[in-house]
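Q:
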Amino acid sequence: MSIETNETFRPKIVAFCCNWCSYAGADLAGSSRLVYPADVKIIRVPCSCRVNPMFILRAFEKGADGVILCGCHPGDCHYSTGNYYARRRMTLLFSMLDFIGVENGRTRVEWVSAAEGVKFSQTMNEFVEKIYSLGKNVRLEDLRCRKN
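Using my numbering, the first residue of the sequence shown is number 9, and each one after it goes up by one.
1) Assuming the contact rule is C-beta atoms closer than 8 Å, residue 101 and residue 61 should be a hit. Round their C-beta distance to whole Å, please.
2) Quick check on residue 23: does DSSP put it in helix, strand or coil?
3) Residue range of the beta strand (DSSP E) that residue 74 falls in?
4) State the CB to CB distance for the pair residue 98 and residue 65, rounded to an integer number of angstroms; the pair is presumed to be in contact (CB under 8 Å).
5) Determine whether the beta carbon atoms of residue 74 and residue 114 lie at a separation below 8 Å.
6) Using three-state DSSP, classify residue 117 as helix, strand or coil.
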């Protein structure tokens with residue numbers, strides 16, 4: 009299923025990006041005029057390890073169809089070992105999401121450096137395509153947030 013054929017569904021995608029690498033990679037993608045969908049809403053965090061798994065659960069609860077965490081490459085973290093902690097947390101979160109029935113493809117962790125604007129753009133395009141193919145997420149929907 010391609011983006012062009014599915015006009016009614018507009019996914020809500022949240023991207024948590026570390027300030028030092030991934031957010032700078034997104035900035036490079038923008039200044040290089042590389043294209044990625046406007047469906048991706050970027051939240052800048054000081055480090056990928058500062059993303060509490062509850063933030064991701066809350067994003068799904070508030071209606072996100074996909075959540076991606078982008079951080080520095082392992083070994084290149086501005087805070088030395090932050091991305092190692094993030095990787096461990098996300099592994100546990102992914103198994104929990106699988107247990108409660110959220111599809112595996114709705115979450116992703118990607119390591120993007122400040123010099124990889126092309127990789128950032130490609131990653132976001134691939135992730136949006138994946139979310140389009142999965143459709144709307146209704147598993148963790150909060151009924152209080154639904155528009156009637």
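Using N, Cα and C, we set each Cβ at its ideal position, and we do this for glycine too.
Since the structure is predicted, the reported quantities are computational estimates derived from the model, not experimental observations.
A: With the given structure in hand:
1) 4 Å
2) strand
3) 74-79
4) Contact flag wrong, Cβ pair sits at about 12 Å.
5) yes
6) strand
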